[in-house]
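Count along the sequence shown from 1, then add 55; that gives the number in the working numbering.
Beta carbons are placed, not taken as given, at the ideal position from N, Cα and C, and that holds for glycine.
Being a predicted model, the structure only gives us computed values, none of them experimental.
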Amino acid sequence: MEQINQWVQPILWGWPVLSMILLAGLFFTVRLRGFQLLHAKLWLQKTIGSLFCQKARDKKQAGISPFQALTTALAGSIGTGNIVGVATALTLGGPGAIFWMWISALLGMMTIFAETVLGMKYRRKDGQNRWLGGAMYYLEYGLGRKGLAVMFAGACVMASMGMGNLAQSNSMGAALLHAFGIQPWITGVVTAVLLMFVLMGGIARIAKVTEKIVPAMSVCYLLAGMAILAVCWRSLPHVLGEILLGAFDIRGMMGGMGGYGMLRAMRHGISRGIFTNEAGLGSSVMAHTAAETDEPVEQGMWGIFQVFIDTIVVCTITALCILCTGVLDSGADGAVLSAMAFEHILGKFGPILIAVSISFFAFATMLGWSYYGECALRYLCGLTRFSFRHAHVFCGFYRFLFACMTLLGCQLELRLVWDVCDTLNGCMAIPNLIALFLLSGEVVRETRSYLRRRLE
Numbered sequence: 056m057e058q059i060n061q062w063v064q065p066i067l068w069g070w071p072v073l074s075m076i077l078l079a080g081l082f083f084t085v086r087l088r089g090f091q092l093l094h095a096k097l098w099l100q101k102t103i104g105s106l107f108c109q110k111a112r113d114k115k116q117a118g119i120s121p122f123q124a125l126t127t128a129l130a131g132s133i134g135t136g137n138i139v140g141v142a143t144a145l146t147l148g149g150p151g152a153i154f155w156m157w158i159s160a161l162l163g164m165m166t167i168f169a170e171t172v173l174g175m176k177y178r179r180k181d182g183q184n185r186w187l188g189g190a191m192y193y194l195e196y197g198l199g200r201k202g203l204a205v206m207f208a209g210a211c212v213m214a215s216m217g218m219g220n221l222a223q224s225n226s227m228g229a230a231l232l233h234a235f236g237i238q239p240w241i242t243g244v245v246t247a248v249l250l251m252f253v254l255m256g257g258i259a260r261i262a263k264v265t266e267k268i269v270p271a272m273s274v275c276y277l278l279a280g281m282a283i284l285a286v287c288w289r290s291l292p293h294v295l296g297e298i299l300l301g302a303f304d305i306r307g308m309m310g311g312m313g314g315y316g317m318l319r320a321m322r323h324g325i326s327r328g329i330f331t332n333e334a335g336l337g338s339s340v341m342a343h344t345a346a347e348t349d350e351p352v353e354q355g356m357w358g359i360f361q362v363f364i365d366t367i368v369v370c371t372i373t374a375l376c377i378l379c380t381g382v383l384d385s386g387a388d389g390a391v392l393s394a395m396a397f398e399h400i401l402g403k404f405g406p407i408l409i410a411v412s413i414s415f416f417a418f419a420t421m422l423g424w425s426y427y428g429e430c431a432l433r434y435l436c437g438l439t440r441f442s443f444r445h446a447h448v449f450c451g452f453y454r455f456l457f458a459c460m461t462l463l464g465c466q467l468e469l470r471l472v473w474d475v476c477d478t479l480n481g482c483m484a485i486p487n488l489i490a491l492f493l494l495s496g497e498v499v500r501e502t503r504s505y506l507r508r509r510l511e
């Protein structure tokens, strides 16, 4: 597996694909005139602000609410990437990787906005009157390229097993082993049983679980991280300077080696940024399109908020904690490195907090990605009455296989897991990016129409 992946990865997840993902974000930022910045007040009001609106709280939903769609999407994105992925990015790319993670998030806000708007516009209802959406639907019905839609759906099913399962269970097993001495195979068995219980309830049960897990664990993790930064506040100016210097590697350039250092920081920062917020992959669209709302642009704003919370807030807290505590040069990696940062200030409570956070985040991510994989599988089975009956059988087998994959994930080597996930990400990103560029006019028209109606 490692030998095959070493040959394929540079093609599917090298600079050409990463550059296209960044270019897509820049493209929509320019065409929509910096929507994520100039209309920040608007999308904050329509997302987090709506939760405090009595009218919005009283409105009954036939399916899942936009907030539940967000928490399901966040469950797929806020996971081990925010803790383990950030640590890996710092280990491989240095402090400068965080700057490029911020850039990928800023541009990714518009990429995921465009994905969600298109997903809402071309979503369909299945035989049980539930919304189904995703990149495969706007690839087929919007772009008219069914072959690319099948390619995306097939890659999504595989990626759900890799990025959505192997990477999560691997980090969970390592964290629990480090904090409590629990053997990885025990973690895998318990997680598999819990997954099967939740997955059998479908998107409704997944949404109810993520609606409780994601906000609670995010708040607890962020409070602990801010407590560490409050203790190490004197180191913040130096750390921010390291991030900027590392991003452009000014000192290295003077010695003639800066180009490599800068490219290394850019690649790992951008790669891990995309891994955490999923902008450009087209995966979280499947969660957003399940929401019962008639405004594609407003659901797209929830996508912007998703990237903001996921990368700008959570990933930054993790990175600053690692850099401020000075554990980056310890030789550790992944969950262990993050645990050492929290242990440096919080003592024995630090590794426990990291282990618990990773476990809950990883479990929520598995739930989100299992839904993505099932949506893609249902698309591949088709939506006719005959195939829908068979799709139910295939999806039942998929849920069982997905749960069992946690046992394998707990045993694999960390670096190999992340490399395979990057390759699968590329398989999803390529057809999705083609659709985003070719259907960009529809996103622009929908957004301008919404803004005109709102201003009137």
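{"Asked": "Residue environment, V498, which counts as buried when at least 16 other CB atoms sit within 10 Å", "Found": "buried"}
{"Asked": "Where the alpha helix (DSSP H) through Q64 begins and ends", "Found": "E57 to L67"}
{"Asked": "Rounded Cβ spacing between R179 and L187 (contact assumed at less than 8 Å)", "Found": "6 Å"}
{"Asked": "M395 versus C379 - alpha carbon distance", "Found": "12 Å"}
{"Asked": "Per-residue DSSP class, three states only, for K176", "Found": "helix"}
{"Asked": "Cβ-based neighbour list, F154, same chain, cut-off 6 Å, excluding 5 preceding and 5 following", "Found": "I298 and A302"}
{"Asked": "A346 - DSSP class collapsed to helix/strand/coil", "Found": "strand"}
{"Asked": "DSSP three-state assignment for L561, whether helix, strand or coil", "Found": "Residue 561 falls outside the range modelled here, since the chain spans only 56 to 511, and no answer is possible."}
{"Asked": "Spatial distance of M175 from M255 (CA atoms)", "Found": "26 Å"}
{"Asked": "Chain-order list of residues whose beta-carbon lies under 6 Å from that of S215 (same chain, five-residue window excluded)", "Found": "W424, Y427 and G428"}
{"Asked": "Same chain, Cβ closer than 8 Å to I59, neighbours up to 5 away in sequence not counted", "Found": "none"}
{"Asked": "Alpha-carbon spacing of V63 relative to I485, whole angstroms", "Found": "14 Å"}
{"Asked": "Pair within 7 Å by beta-carbon distance, F415 and L408", "Found": "no"}
{"Asked": "Reference L295; option with closest CA among S338, N225, I377 and N220", "Found": "I377"}
{"Asked": "L494 versus L198 - alpha carbon distance", "Found": "7 Å"}
{"Asked": "Per DSSP, the bridge partner or partners of W186", "Found": "K180"}
{"Asked": "Segment limits, alpha helix (DSSP H) that includes W288", "Found": "W288 -> no alpha helix (DSSP H), and no H or E assigned at all."}
{"Asked": "Whole-angstrom distance between T461 and E347, CA atom to CA atom", "Found": "32 Å"}
{"Asked": "Span separating the alpha-carbon of G451 from that of R507", "Found": "45 Å"}
{"Asked": "Supposed contact pair A374 and L145 - C-beta distance, whole angstroms, cut 8 Å", "Found": "6 Å"}
{"Asked": "For C476, three-class secondary structure by DSSP", "Found": "helix"}
{"Asked": "Cutoff 6 Å; reference A534; Cβ partners in own chain excluding five residues on either side", "Found": "Only positions 56 to 511 of the chain appear in the structure, and residue 534 is not among them; the question remains open."}
{"Asked": "The region 241–254 / the region 337–345 touching (three or more Cβ pairs under 8 Å)", "Found": "no"}
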